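Heads up, the thing below is written out as structure tokens.
2 protein chains.
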Amino acid sequence: MTDLAARFDLERGTIAGGTLTERRLSQLRGAFADTRALDDRLSRGDDPLVYTVSTVEHGSGEGDQHVGLGVLYPGRIGREYFLTRGHRHRRAEAAEVYIGLRGAGKMILQSSSGTSVIDLVAESTVYVPGHTDHRTVNTGAEPLVYLGIYPAWAGHDYGSLETQNFSVVVVDHGGAPRVLDRRDFLASFGIHH
Amino acid sequence: MTDLAARFDLERGTIAGGTLTERRLSQLRGAFADTRALDDRLSRGDDPLVYTVSTVEHGSGEGDQHVGLGVLYPGRIGREYFLTRGHRHRRAEAAEVYIGLRGAGKMILQSSSGTSVIDLVAESTVYVPGHTDHRTVNTGAEPLVYLGIYPAWAGHDYGSLETQNFSVVVVDHGGAPRVLDRRDFLASFGIHH
Chain A
74 MTDLAARFDL ERGTIAGGTL TERRLSQLRG AFADTRALDD RLSRGDDPLV
124 YTVSTVEHGS GEGDQHVGLG VLYPGRIGRE YFLTRGHRHR RAEAAEVYIG
174 LRGAGKMILQ SSSGTSVIDL VAESTVYVPG HTDHRTVNTG AEPLVYLGIY
224 PAWAGHDYGS LETQNFSVVV VDHGGAPRVL DRRDFLASFG IHH
Chain B
74 MTDLAARFDL ERGTIAGGTL TERRLSQLRG AFADTRALDD RLSRGDDPLV
124 YTVSTVEHGS GEGDQHVGLG VLYPGRIGRE YFLTRGHRHR RAEAAEVYIG
174 LRGAGKMILQ SSSGTSVIDL VAESTVYVPG HTDHRTVNTG AEPLVYLGIY
224 PAWAGHDYGS LETQNFSVVV VDHGGAPRVL DRRDFLASFG IHH
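One line per chain: the protein sequences are A and B, in this order. Residue numbers in the first sequence follow the numbering used here, run continuously in steps of one, and reach 266 at the last position. Residue numbers in the second sequence follow the numbering used here, run continuously in steps of one, and reach 266 at the last position.
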């Protein structure tokens with residue numbers, strides 16, 4: 074059992090007792106649409122840290138909850154903003170509450186009933202219902218820092234998104250974020266699926 | 074279904090789409106130790122708002138979560154700081170994650186294995202395991218604002234605390250909080266149970 078109290082640090086993006094996962098650009102192949110821009114950057118030896126998640130697991134019972142502190146750095150690959158790989162829960166009925174603490178971004182929520190793009194900003198919550206793929210996107214100039222609270226039994230499933238990405242992308246358009254259909258965006262630089 | 078996104082306001086203590094519950098001093102008889110100080114205050118026609126909770130209920134499935142924004146105002150009854158009534162969950166195995174957003178206080182956690190008093194301050198989490206009575210106390214000079222995230226099926230049980238209060242009190246001692254055994258504190262002004 075970890076300590077019941079945990080301070081978090083919005084500047085450093087850490088939470089006491091958390092287990093840190095780091096995701097660099099080279100681990101996010103397939104998540105970004107513009108694979109040429111991604112390869113160009115990596116070929117220059119530039120493999121930036123895109124996001125970290127620090128997870129605190131207090132218990133594993135039916136009523137327990139896990140806490141994740143996410144830090145998604147600002148940046149773009151081509152026109153597409155830095156993003157998390159995205160997942161749905163292994164036990165898909167598990168919902169998750171996101172709490173924006175610092176910065177500004179969006180969440181892409183995708184389920185059988187469609188795709189939504191919702192602001193995730195400091196001093197707000199975003200509710201991710203069960204059976205919903207979710208990805209976080211940083212559309213701002215500073216780190217996007219947020220908490221995610223989910224049932225201990227939720228688990229993570231990345232597999233279905235490996236083969237079929239989210240249907241939309243969030244891209245820079247003259248300094249402001251714009252949501253585009255992924256296929257339209259790919260077609261705009263000559264990639265057709 | 075409520076909106077998936079909800080802004081909250083740390084100054085006003087509100088969250089978009091929340092259902093507001095208000096608790097005034099007159100509704101908290103039995104929670105405070107110093108019943109004479111409580112009665113004196115009410116008899117002067119002074120029935121202050123002690124706390125509010127705004128609850129957002131996104132769903133009621135097995136994997137759904139509820140979100141509560143709590144605002145506990147600064148103040149004291151005698152030496153005892155303003156507090157919430159406290160509860161355990163009706164389905165006692167449900168844990169709850171508290172997230173401090175503003176101000177400084179403490180949480181009293183009480184279970185069959187004992188009683189803990191843990192700081193709840195801005196930029197920290199407090200984990201309330203299942204089977205644990207929990208109460209929030211504002212030991213500071215400004216409103217204590219926090220989120221609580223709990224399974225939709227948790228429910229609230231206030232009954233057991235009606236007849237048997239928490240075993241400790243958090244009181245002012247020369248300008249700083251001190252935790253005392255409730256029976257010792259009651260005995261100090263001539264009440265013996």
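Positions of the beta carbon are idealized from the N, C-alpha and C atoms, including for glycine. All values derive from a computational prediction rather than experimental measurement.
### Query
Is residue 218(B) close to chain A, meaning its C-beta is less than 8 Å from at least one C-beta of that chain?
In the second sequence, the residue the question calls residue 218(B) occupies position 145. Cβ-Cβ to chain A under 8 Å: no for residue 218(B).
### Task
List the residues of chain B whose Cβ lies closer than 7 Å to the Cβ of residue 37(A), in chain order.
The question about residue 37(A) has no answer, for chain A in this structure spans 74 to 266.
### Query
Would a C-beta distance cut-off of 8 Å place residue 208(B) and residue 181(B) closer than the cut-off?
The count along the second sequence starts at 1 and reaches residue 208(B) at position 135. The count along the second sequence starts at 1 and reaches residue 181(B) at position 108. Contact: yes.
### Message
Measuring CB atoms only, is the stretch 141-158 of chain B touching the stretch 87-104 of chain B, in the sense that at least three cross pairs come out at less than 8 Å?
### Response
yes
### Task
Please determine, among 134(A), 142(A), 117(A), the residue with the shortest C-alpha to C-alpha distance to residue 79(A).
As a first step, residue 79(A) is located in the first sequence; it is residue number 6 there, counting from the start. With distances taken between Cα atoms, residue 79(A) lies closest to 142(A).
### Message
If you reduce the DSSP assignment to three classes, tell me which class residue 108(B) lands in.
### Response
Position 35 of the second sequence, counted from the start, is the residue given in the question as residue 108(B). In the structure shown, residue 108(B) sits in a helix (DSSP, three-state: H, G or I).
### Task
Could you pull the start and end residues of the beta strand (DSSP E) that residue 255(A) belongs to?
Here residue 255(A) is taken as the residue at index 182 of the first sequence, counted from 1. First-last for residue 255(A): 255-261, but that is the alpha helix (DSSP H), not the beta strand (DSSP E).
### Task
Give the range of the beta strand (DSSP E) segment to which residue 130(B) is assigned.
Taking the second sequence and counting its residues from 1, one reaches residue 130(B) at position 57. Residues 122-130.
### Message
Please report whether the beta-carbon of residue 77(B) lies at a distance below 8 Å from any beta-carbon of chain A.
### Response
Residue mapping note: residue 77(B) aligns to position 4 of the second sequence, counting from 1. Answer yes: the Cβ-Cβ gap between residue 77(B) and chain A drops below 8 Å somewhere.
### Task
Using a Cβ-Cβ cut-off of less than 8 Å, list which residues of the stretch 195-213 of chain B approach chain A; keep chain order.
196, 197, 198, 199, 200, 201, 202, 203
### Query
What residues in the stretch 91-116 of chain A have a beta carbon less than 7 Å from any beta carbon of chain B?
none
### Task
Take the Cβ of residue 118(B) as the centre, count every other Cβ of all protein chains shown within 10 Å, and call the residue buried at 16 or more, exposed below.
To locate residue 118(B), count along the second sequence from 1; it is residue 45. Exposed, since its Cβ has fewer than 16 Cβ neighbours within 10 Å.
### Query
What span of residues does the beta strand (DSSP E) with residue 137(A) cover, start to end?
If you number the first sequence from 1, residue 137(A) lands on position 64. No beta strand (DSSP E) holds residue 137(A); DSSP gives it neither H nor E.
### Message
Spatial neighbours of residue 115(B) within its chain, please: C-beta separation below 8 Å, excluding the five flanking residues on both sides.
### Response
For the purposes of this step, residue 115(B) is taken as the residue at position 42 of the second sequence. Closer than 8 Å at Cβ, skipping near neighbours: 98, 99.
#### Entry: residue 110(A) versus residue 140(B) - alpha carbon distance
The residue you call residue 110(A) lines up with position 37 of the first sequence. The residue you call residue 140(B) lines up with position 67 of the second sequence. Cα to Cα, the separation comes out at about 40 Å.
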